[in-house]
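Student:
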Amino acid sequence: MKAETYSEALAHAWHITWRHKRLWGLGLLAAFIGSAGTLEFVTQFYSASLGERGSGILTKIQSFSFDFQGETVLLWVMAIALIALGLAVVAFFVAVFVSAQGGLVYAVEEAERAEKLDVGDLFNHGRKRLGRLFILNIARWAIVSLLLYLTWLGAGWLRSGAEALWKPAVFLVFSVVVLVVGLTVVFLTLYAVCFVSLHDKTLKEAVLDAWALFVDHWLVSLEMAIIIFAIGFLFGLAAVVGLLLLATPVFLSLIIAAMSSNPGILLGGMSIGFIALFVWVLWLAAVYTTFAMSAWTVLFMQMSRHGFSSKMLHWIRLHLTRKHA
Numbered sequence: 001m002k003a004e005t006y007s008e009a010l011a012h013a014w015h016i017t018w019r020h021k022r023l024w025g026l027g028l029l030a031a032f033i034g035s036a037g038t039l040e041f042v043t044q045f046y047s048a049s050l051g052e053r054g055s056g057i058l059t060k061i062q063s064f065s066f067d068f069q070g071e072t073v074l075l076w077v078m079a080i081a082l083i084a085l086g087l088a089v090v091a092f093f094v095a096v097f098v099s100a101q102g103g104l105v106y107a108v109e110e111a112e113r114a115e116k117l118d119v120g121d122l123f124n125h126g127r128k129r130l131g132r133l134f135i136l137n138i139a140r141w142a143i144v145s146l147l148l149y150l151t152w153l154g155a156g157w158l159r160s161g162a163e164a165l166w167k168p169a170v171f172l173v174f175s176v177v178v179l180v181v182g183l184t185v186v187f188l189t190l191y192a193v194c195f196v197s198l199h200d201k202t203l204k205e206a207v208l209d210a211w212a213l214f215v216d217h218w219l220v221s222l223e224m225a226i227i228i229f230a231i232g233f234l235f236g237l238a239a240v241v242g243l244l245l246l247a248t249p250v251f252l253s254l255i256i257a258a259m260s261s262n263p264g265i266l267l268g269g270m271s272i273g274f275i276a277l278f279v280w281v282l283w284l285a286a287v288y289t290t291f292a293m294s295a296w297t298v299l300f301m302q303m304s305r306h307g308f309s310s311k312m313l314h315w316i317r318l319h320l321t322r323k324h325a
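What the sequence shown shows, in our numbering, is residues 1 to 325, in sequence order.
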């Protein structure tokens with residue numbers, strides 16, 4: 001599978017996504033941990049830069065307060081037990097999502113050799129590498145959460161205290177640094193996951209090889225991120241259009257219920273509309289994540305096997321050559 005241009009990489013990814021529809025199940029599971037990477041981080045970063053509290057897990061944790069002063073030991077034990085149970089449940093689901101992510105990456109390579117893909121075998125492939133994939137995703141989540149929290153604090157600092165001309169400039173520089181570091185972490189995680197899933201690298205080898213690959217192709221990574229982000233924006237527009245179309249049963253049932261004074265019609269129309277919208281959003285998330293992860297994996301395979309040239313650098317060189325000709 002050769003992909004010397006972005007259009008070829010995207011075409012391969014779309015072919016895999018649409019031909020092997022069973023991969024959508026893995027894509028849906030992988031979507032819950034933000035496997036597509038760049039779209040989730042950029043949107044969360046934008047929210048954090050506006051000072052919105054819901055832009056990162058640390059900002060949410062800070063809003064919680066626990067007041068157990070004077071309570072019994074039994075209450076403390078119950079609270080700790082519930083927290084431990086909650087963490088265990090979260091860890092279980094994250095393990096499932098991470099296994100799906102690893103299987104989805106491996107599916108791209110398998111699609112080169114096999115006409116049909118067994119989703120169960122793909123999931124087991126990711127599960128066998130669960131430890132390394134789990135650590136990579138948790139590390140990415142922790143670092144990104146910290147960066148979003150610092151951005152949120154910076155946005156609060158910008159709005160607080162006396163106004164000064166230098167404060168926006170400082171916050172701008174800080175935001176650029178956070179954005180660069182965050183995107184780098186996302187890229188490294190994507191490539192390290194590919195090294196683990198496709199080449200069975202150890203955790204240390206995967207991270208080091210991912211760094212070397214990123215250093216050689218950092219501009220390619222950025223260009224691909226912009227393309228994937230634009231495609232994600234189109235999927236978002238599709239979700240909005242679907243929302244408007246699927247809201248039709250709700251409005252019709254509202255009109256009919258008002259005319260007939262029958263609340264059952266309204267309840268039925270709302271139920272159908274919300275269920276259809278829920279299915280529509282899940283389907284879009286599954287298809288987008290499957291496509292985005294496939295595109296990143298195709299690009300990774302091309303970069304690691306044959307290399308990949310930045311189109312921006314190619315355009316600059318071509319422009320300079322014509323200028324000096």
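Backbone N, C-alpha and C define an ideal beta-carbon position, used for all residues, glycine too.
Is it a yes or a no for the stretch 240 to 251 touching the stretch 272 to 284, going by three-plus beta-carbon pairs under 8 Å?
Tutor: yes
Student: So, do the stretch 220 to 230 and the stretch 257 to 266 have three or more beta carbon pairs nearer to each other than 8 Å?
Tutor: No: the two stretches stay apart, fewer than three of their Cβ pairs being nearer than 8 Å.
Student: So, for L219: in the same chain, excluding its five sequence neighbours on each side, which residues have a beta-carbon less than 7 Å away from its beta-carbon?
Tutor: On the sequence shown, residue 219 is found 219 positions in, with the first residue counted as 1. Excluding positions up to five away in sequence, the list reads S310, M312 and L313.
Student: Quick check: F45 and T151, are their CB atoms within less than 8 Å of each other?
Tutor: Looking up residue 45 in the sequence shown gives position 45. Looking up residue 151 in the sequence shown gives position 151. Yes, these two residues count as a Cβ contact at 8 Å.
Student: Out of A239, A292, W315 and T297, which has the shortest C-alpha to C-alpha gap to E112?
Tutor: Position 112 of the sequence shown, counting from 1, holds the residue named residue 112. If we check each option's Cα against that of E112, T297 comes out closest.
Student: Reducing DSSP to helix, strand and coil, say where F308 ends up.
Tutor: In the sequence shown, counting from the first residue as 1, residue 308 sits at position 308. Under the three-state reduction of DSSP output, F308 falls in the coil class, being neither helix nor strand.
Student: Going by alpha carbons, who is nearest to G34 out of H15, H12, V94 and L10?
Tutor: By one-based count along the sequence shown, residue 34 stands at place 34. Nearest C-alpha to G34: V94.
Student: In the DSSP assignment, find the alpha helix (DSSP H) that holds I138 and state where it starts and stops.
Tutor: Indexing the sequence shown from 1 puts residue 138 at position 138. Start and end: L130 to R159.
Student: In terms of residue numbering, what span does the alpha helix (DSSP H) encompassing A9 cover?
Tutor: As a first step, residue 9 is located in the sequence shown; it is residue number 9 there, counting from the start. Per DSSP, A9 belongs to the alpha helix (DSSP H) from Y6 to R19.
Student: Would you decide whether K21 is buried or exposed? Buried here means 16 or more other CB atoms lie within 10 Å of its CB.
Tutor: Here residue 21 is taken as the residue at index 21 of the sequence shown, counted from 1. Exposed, because fewer than 16 other Cβ atoms sit within 10 Å of the Cβ of K21.
Student: Can you tell me whether E163 is buried or exposed? The criterion is at least 16 other CB atoms within 10 Å of its CB, across all chains shown.
Tutor: Within the sequence shown, numbered from 1, the residue matching residue 163 stands at position 163. That one is exposed.
Student: Using the three-state DSSP reduction, which class does D209 fall into: helix, strand or coil?
Tutor: In the sequence shown, counting from the first residue as 1, residue 209 sits at position 209. In this structure, D209 counts as helix in the three-state DSSP scheme.
Student: Tell me whether I83 is buried or exposed, calling it buried when 16 or more other Cβ atoms sit within 10 Å of its Cβ.
Tutor: Here residue 83 refers to the residue found at position 83 of the sequence shown. Its Cβ having fewer than 16 others within 10 Å, I83 is exposed.
Student: Can you tell me the Cβ-Cβ gap for V98 and G126, rounded? I've got them flagged as a contact below 8 Å.
Tutor: Position 98 of the sequence shown, counted from the start, is the residue given in the question as residue 98. Position 126 of the sequence shown, counted from the start, is the residue given in the question as residue 126. With a Cβ gap of about 7 Å, V98 and G126 count as contacting.
Student: Does any C-beta atom of chain C lie closer than 8 Å to the C-beta of D216?
Tutor: Absent from the structure is chain C; it holds one protein chain and no more.
Student: Decide yes or no for the touch test of the stretch 135 to 155 against the stretch 177 to 193: beta carbon pairs closer than 8 Å, at least 3 of them.
Tutor: The stretch 135 to 155 is in contact with the stretch 177 to 193.
Student: Taking the continuous alpha helix (DSSP H) assigned at H199, which residues delimit it?
Tutor: Taking the sequence shown and counting its residues from 1, one reaches residue 199 at position 199. Per DSSP, H199 belongs to the alpha helix (DSSP H) from W166 to H199.
Student: Under 7 Å Cβ to Cβ from F235, same chain only, skipping five residues before and after it: list those, please.
Tutor: Position 235 of the sequence shown, counted from the first residue, corresponds to residue 235. Cβ neighbours of F235 beyond the five flanking positions: L284 and Y288.
Student: Mapping the DSSP letters down to three states, classify L50 as helix, strand or coil.
Tutor: In the sequence shown, the residue the question calls residue 50 occupies position 50. Coil.
Student: Let's see if you can read the secondary structure: which residues bound the alpha helix (DSSP H) around G86?
Tutor: One-based indexing of the sequence shown puts residue 86 at position 86. Element bounds for G86: V73 to R113.
Student: When you compare the CB positions of F171 and G154, do they come within less than 8 Å of one another, or not?
Tutor: Locating residue 171 in the sequence shown gives position 171, counting from the first residue. Locating residue 154 in the sequence shown gives position 154, counting from the first residue. Cβ atoms of F171 and G154: closer than 8 Å.
Student: Ordered along the chain, which non-local residues of its own chain (more than five positions away) have a Cβ less than 8 Å from that of V281?
Tutor: Walking along the sequence shown from the start, residue 281 turns up at place 281. Excluding sequence neighbours, V281 sits near A239 and G242.
Student: Apply the 10 Å Cβ neighbour rule to L117 and answer buried if 16 or more other Cβ atoms are within range, or exposed otherwise.
Tutor: Translated into positions along the sequence shown, residue 117 becomes position 117. Classification of L117: buried, given that the 10 Å Cβ count is 16 or more.
Student: Hey, could you find the ends of the alpha helix (DSSP H) E163 is sitting in?
Tutor: Taking the sequence shown and counting its residues from 1, one reaches residue 163 at position 163. Taken as a continuous stretch (DSSP letters only), E163 belongs to no alpha helix (DSSP H), as it is neither H nor E.
Student: Can you find the residues in the same chain that come closer than 7 Å, C-beta to C-beta, to L147, ignoring five residues on each side of it along the sequence?
Tutor: Taking the first residue of the sequence shown as position 1, residue 147 is located at position 147. The residues are V178, V181 and G182.
Student: Hey, out of R132, S221 and K201, whose CA is closest to V185's CA?
Tutor: Counting from one through the sequence shown, the residue named residue 185 turns up at place 185. When each option's Cα is compared against that of V185, the closest is S221.
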